[in-house]
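The listed protein sequences correspond, in order, to chains A and B. Residue 214 in the numbering used here sits at position 214 of the first sequence, with consecutive numbering throughout. Residue 392 in the numbering used here sits at position 127 of the second sequence, with consecutive numbering throughout. Written below as structure tokens is the structure these notes are about.
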Amino acid sequence: MNASIGRLAAMQLRYWYLLRASWPRLVELIYWPTMNLVVWGLLSVWFSENRTTPVGIAGTLLAAVMLWDVLFRGQLGFTFSFLEEVWSRNVASLMMSPLQPAEFVIALMMVSATRLIVGMTPVTLLALLLFGFNIYSLGFALVAFFANLALTSWAVGMVVSGLILRNGTGAQSFAFSVMMLLLPVSCVYYPVSILPMWLQPVAWSLAPTYVFEGMRAALIDGVFRADLMLEALALNVVYLSIGFAAFMLLVQSARQKGVLLTLGE
Amino acid sequence: MNQIRSFSGAGYEIVDRPVGPGGSYDSSPVGATPHEPSHYPRLHATLKATPAVILENLTKKYKSFYAVDDVSFFVPEGTIVGLIGANGAGKTTTIAMIMGLLIPSYGSVRVLGHDMTRARHKVLKRMNFQSPYVAMPAQLTVRQNLNVFGRLYGVPDLKARIGELTDEFGLGELLNLETGRLSAGQKTRVSLAKALINKPAVLVLDEPTASLDLDRAEWLRGRLQAYRSQHQSTILLSSHNMLEVEQLCDYVAIMSSGRLIEIGTPAELLRWYQCGRLEEVFLYISRCGPRLEPTAPYDAAVQLSGRRPPRDEPPLDAD
Chain A
1 MNASIGRLAA MQLRYWYLLR ASWPRLVELI YWPTMNLVVW GLLSVWFSEN
51 RTTPVGIAGT LLAAVMLWDV LFRGQLGFTF SFLEEVWSRN VASLMMSPLQ
101 PAEFVIALMM VSATRLIVGM TPVTLLALLL FGFNIYSLGF ALVAFFANLA
151 LTSWAVGMVV SGLILRNGTG AQSFAFSVMM LLLPVSCVYY PVSILPMWLQ
201 PVAWSLAPTY VFEGMRAALI DGVFRADLML EALALNVVYL SIGFAAFMLL
251 VQSARQKGVL LTLGE
Chain B
266 MNQIRSFSGA GYEIVDRPVG PGGSYDSSPV GATPHEPSHY PRLHATLKAT
316 PAVILENLTK KYKSFYAVDD VSFFVPEGTI VGLIGANGAG KTTTIAMIMG
366 LLIPSYGSVR VLGHDMTRAR HKVLKRMNFQ SPYVAMPAQL TVRQNLNVFG
416 RLYGVPDLKA RIGELTDEFG LGELLNLETG RLSAGQKTRV SLAKALINKP
466 AVLVLDEPTA SLDLDRAEWL RGRLQAYRSQ HQSTILLSSH NMLEVEQLCD
516 YVAIMSSGRL IEIGTPAELL RWYQCGRLEE VFLYISRCGP RLEPTAPYDA
566 AVQLSGRRPP RDEPPLDAD
């Protein structure tokens, strides 16, 4: 694939113009993760003051909520950026331009990453300021966690965006709800061992589970589990391949059914 | 000799038409033979250049409904071809297939030599499009939209090009306004500016002067003719404005119920149907059908493919 840097840059510019012109969109990037942080931060403060609470649980909860937001907001960033084109009835214009579907996917991934950095960086600093928790103390492990969670979020985003493209705005509720399916089985706030035995294989089939287990190992045991990160990466390669293939098939189906001209109405 | 009324725009005129046996109207135009050959160029080796757009047996079928039914014609390079028809005739569907936005059920469409079903990305950089069904992001300003689309099309020296378009289309006061806040006419001017940003070799326009006042519409037609002359580009436009099509187009293709039913130069159509205006031709065809045995489009189809597509072949767009 010979992606054009110029076309990728054009799409980044398009979303940057949007963010710059709309302060509610900019504020929203930071607002929700901040609210999550405050709620869970206060909860973890209470835990840390409770002598019966295991040591390190406060920091674990804060890290979990921030990393969950990476996963959740990463997918929202991808899908919402796609939905901006749907809502502005611009999908047909893009599909009739030299922008190839694969380039469009790469552009959405880049925008999602930008939104994550813009939204989550202030939140991590707030965690340090308000609750004395420095997530950057994880070092390289944080990069591995962030990368793997972002990859999973983009794979999900590709499928959701493809469904919206093919089925219209009626499918856009998936953008808000699909990640919630992963929340209980990705073991964000608790270890896999807490789950019923029959559910544990399901949890281990999800890349985010490896990330959250790795996070707990790093924070509680002080160990960086590279094996867990590599397994997460391997699963993400599969998910991304499936997500990309699904998106391309759904684009093709949308072209066959003739829904692109009316998308957004 | 019975008389029928034909609508001439300002009112009704009484026109003599011969009535055939059984009292039915003879659809042959007075004074012309049914088999008079069209001067629409035939697609064969004597053409100096490959046509810019070739449609061969183009068909789009939704379940049992044929939105476009076995349409074959071509758009010679450097010409302006008008595609006219009533609502639901298949114009927008045809245009969507030409732009590669819709996959045909049968047949093919080639633009500048490339199959738009399989290799459209090789040619999209040299095409552009304008339609009232497609909007630009409303929250972006006019300048920002032109910036983004200019980069998508890889326009060199984009700032200067936007400056040229600003002067040509009178966008000076609009550049820093959000596109969503423009009037319908302003949006049309902006979308046309965007359609010309990459100086396309093939320009496809869907109702280009809709929402424009008479002055602006006249000015725009002049711009399109100047653009064609300057760049030797090819323009395919669909329109309900018959006067515009008559003034602007080198050839006119008339669609009805998904089929191409007539094609020729405006002068030929007026002569064949003994009408003074193209809208009278259109109304006549709507009521009485085309000339007997229209030759040009089907001759072109036979020359190109040698056969009509059998309906029981597997469609190209089968899931």
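Think of the CB as a built atom: it goes at the ideal place given N, C-alpha and C, for glycine as much as any other residue. Note that the structure is a prediction, hence the values are computed from the model and not measured.
Closest option to Trp68 (chain A), judged by alpha-carbon separation, among A:Gly59, A:Phe140, A:Leu195, A:Met179: A:Met179.
For Met95 (chain A), a Cβ of chain B is located within less than 8 Å of the residue's own Cβ. When the beta-carbon positions are compared, Glu533 (chain B) and Arg488 (chain B) stay at least 8 Å from each other.
Within the segment 392-421 of chain B, the residues whose Cβ lies closer than 9 Å to any Cβ of chain A are, in chain order, Met392, Asn393, Phe394, Ser396, Tyr398, Val399, Ala400, Met401, Pro402, Ala403, Gln404, Leu405, Thr406, Gln409, Asn410, Asn412, Val413, Phe414, Gly415, Arg416, Leu417, Tyr418, Gly419. Of the other Cβ atoms in all chains shown, fewer than 16 fall within 10 Å of the Cβ of Glu49 (chain A); this residue is therefore exposed. Straight across, the Cα-Cα distance linking Leu37 (chain A) with Trp16 (chain A) is about 26 Å. For Ala217 (chain A), there is no enclosing beta strand (DSSP E), as DSSP marks it with neither H nor E. Setting aside the 5 residues that flank it on each side, Ile550 (chain B) is surrounded in the same chain by Ile519, Ser521, Ile526, Glu527, Tyr538, each with a C-beta closer than 8 Å to its C-beta; the list follows chain order. According to the DSSP assignment, Arg391 (chain B) belongs to no alpha helix (DSSP H), since it is labelled neither H nor E. Contact between Ala63 (chain A) and Met215 (chain A) holds: their C-beta atoms lie close to 5 Å from each other, under 8 Å.
At a Cβ-Cβ threshold of 8 Å, Leu240 (chain A) and Ala155 (chain A) count as neighbours. Just measuring C-alpha positions, the residue of B:Phe414, B:Thr406, B:Arg416, B:Ala425 sitting nearest Glu438 (chain B) is B:Thr406. In this structure, Arg486 (chain B) and Gly343 (chain B) do not form a Cβ contact; the two beta carbons are roughly 17 Å apart against a cut-off of 8 Å. If you draw a straight line from the Cα of Met229 (chain A) to the Cα of Gly222 (chain A), it is about 15 Å long. Annotated three-state conformation of Asn322 (chain B) is strand, per DSSP. Of the candidates A:Gln75, A:Val105, A:Val39, A:Gly77, the residue whose Cα lies closest to the Cα of Ala9 (chain A) is A:Val105. In the structure shown, the three-state DSSP call for Ile368 (chain B) is coil.
The continuous alpha helix (DSSP H) containing Tyr15 (chain A) extends over residues 5-21. If the five residues before and after Gln451 (chain B) are omitted, its C-beta is found closer than 7 Å to the C-beta atoms of Leu439, all from its own chain and listed in chain order.
Interface with chain B (8 Å Cβ-Cβ cutoff): Tyr31 (chain A) is excluded. Within the segment 7-35 of chain A, the residues whose Cβ lies closer than 8 Å to any Cβ of chain B are, in chain order, Arg7, Ala9, Ala10, Met11, Leu13, Arg14, Tyr17, Leu18, Ala21, Ser22. Contact annotation: Ala361 (chain B) and Ser88 (chain A) have beta-carbon atoms that are not nearer than 8 Å.
Excluding the 5 residues flanking it on each side, Leu367 (chain B) has same chain C-beta neighbours closer than 7 Å at Lys325, Thr358, Ala361, in chain order. The Cβ of Ala92 (chain A) sits closer than 8 Å to at least one Cβ of chain B. Remark: C-beta atoms of Leu29 (chain A) and Gly119 (chain A) approach each other more closely than 8 Å. The way I'd put it, the segment 129-149 of chain A does touch the segment 197-214 of chain A; three or more beta-carbon pairs between them come closer than 8 Å. Under the 8 Å criterion on CB atoms, Gln100 (chain A) is classed as interfacial with respect to chain B. The segment 419-427 of chain B and the segment 500-511 of chain B do not touch, with fewer than 3 CB-CB distances between them shorter than 8 Å. Distances from the CA of Glu443 (chain B) to each of B:Leu411, B:Asp480, B:Gly428, B:Met392 were compared; the closest alpha carbon is that of B:Leu411. Straight-line measurement puts the Cα of Ser370 (chain B) at about 29 Å from the Cα of Leu417 (chain B). Residues of the same chain with a CB within less than 8 Å of the CB of Ala482 (chain B), apart from the 5 flanking positions on each side, are Thr474, Asn506, Glu509 in chain order. Residues of the same chain with a CB within less than 7 Å of the CB of Ala449 (chain B), apart from the 5 flanking positions on each side, are Ser476 in chain order.
Take the alpha-carbon of Val65 (chain A) and the one of Leu195 (chain A): they are about 19 Å apart. DSSP places Gly415 (chain B) in the helix class (H, G or I) of the three-state scheme. Per the C-alpha coordinates, the member of B:Arg408, B:Val413, B:Asp471, B:Val420 positioned closest to Gly435 (chain B) is B:Arg408. For the segment 61-89 of chain A, the beta-carbon criterion of a distance under 8 Å to any beta-carbon of chain B is satisfied by Glu84, Glu85, Ser88, Arg89.
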